[in-house]
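J.: Below is the structure I would like to discuss, written out as structure tokens.
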Amino acid sequence: PERVAHKVTPHNGPLPQGAWDTLKFYFDNVSQTPDVPARAMLVKRVKSIPGLAHYTA
1 PERVAHKVTP
11 HNGPLPQGAW
21 DTLKFYFDNV
31 SQTPDVPARA
41 MLVKRVKSIP
51 GLAHYTA
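The numbering of the sequence shown is the UniProt record's numbering, which starts it at 1 and goes up by one.
Dropping the structure here:
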């Protein structure tokens with residue numbers, strides 16, 4: 001699939017910058033269409049960030 005450019009902006013949403021950095025790295029460098037196991041791995045990584053145990057894919 002064609003790559004989509006992501007505009008880099010300061011984080012103002014509900015996730016801390018570390019979570020956004022994790023997700024952005026994956027989507028920019030691995031895949032923009034993660035399958036179910038990849039989404040589960042991303043959720044596990046984001047949930048490991050303090051205060052984000054509630055995060056779901």
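Ideal Cβ placement from N, Cα and C applies to all residues, glycine included.
Counting along the chain, where does the alpha helix (DSSP H) carrying GLY18 start and finish?
T.: Here residue 18 refers to the residue found at position 18 of the sequence shown. Per DSSP, GLY18 is one residue of the alpha helix (DSSP H) stretching across 17-29.
J.: Does DSSP put HIS11 in a helix, in a strand, or in coil?
T.: Locating residue 11 in the sequence shown gives position 11, counting from the first residue. Model confidence at HIS11 stands at a pLDDT of 46, short of 50, so the residue's coordinates are unreliable; what they give is reported in the following sentence. HIS11 falls in the coil class under three-state DSSP.
J.: Measure the C-alpha to C-alpha separation of GLN17 and ILE49 and round it to an integer number of angstroms.
T.: To locate residue 17, count along the sequence shown from 1; it is residue 17. To locate residue 49, count along the sequence shown from 1; it is residue 49. Cα to Cα, GLN17 sits roughly 10 Å from ILE49.
J.: Determine, using beta carbons only, whether VAL46 and THR22 come nearer to each other than 8 Å.
T.: Looking up residue 46 in the sequence shown gives position 46. Looking up residue 22 in the sequence shown gives position 22. Yes; because the gap between Cβ atoms is below 8 Å, this pair is in contact.
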